[in-house]
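Here the structure comes first, spelled out in structure tokens, and everything after it is commentary.
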Amino acid sequence: MTVGDLILEMQNWDQSKTNLSIEERTYQWNNFVRAFFKDQATAQYRYRLKVASILWKKVRISKKSKIYHHDLLKKYDREIKEYK
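Add 1250 to the 1-based position in the sequence shown for the numbering used here, that's all there is to it.
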């Protein structure tokens, strides 16, 4: 194996690592939406996926875990109340 081969391997490894993080983010979003729709309290919203999206944006930028919990409805009520 040459140095060039090693460099190529490292470049490919970095790309696969990036794809994994994209897959991980998709996995987190899917789990968030699934948990959101399981919460009976979310049935009061007309555009539930839109509300889930608004909450996801808040959760995504926070340093907390990327999971849905019922308290998000109370915490961000001001942002989502128009969808009731």
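The beta carbon of each residue, even a glycine, is placed where N, CA and C say it ideally should be. Source: prediction; values computed, not measured.
Do you know how far the Cα of residue j is from the Cα of residue i?
i, j, result
"LEU1323", "ASN1281", "17 Å"
"LYS1313", "TRP1279", "15 Å"
"ASP1255", "TYR1277", "33 Å"
Please identify the residue among the options whose C-alpha is closest to the C-alpha of residue i.
i, options, result
"LYS1325", "SER1271, LYS1308 and ASP1255", "LYS1308"
"ALA1302", "ASN1262, LYS1331, ILE1257 and LYS1313", "LYS1331"
"ARG1328", "TYR1318, LEU1305 and ARG1310", "LEU1305"
"PHE1287", "ILE1317, ILE1311 and SER1271", "ILE1317"
"TYR1295", "THR1252, TYR1333, MET1251 and VAL1253", "TYR1333"
"HIS1320", "VAL1253, VAL1283, THR1276 and SER1271", "VAL1283"
"SER1315", "THR1252, ARG1275, ARG1298 and GLN1290", "ARG1275"
For residue i, count neighbouring Cβ atoms within 10 angstroms of its own Cβ and tell me buried if that reaches 16, exposed if not.
i, result
"THR1292", "buried"
Can you tell me whether residue i is helix, strand or coil according to DSSP?
i, result
"ARG1328", "helix"
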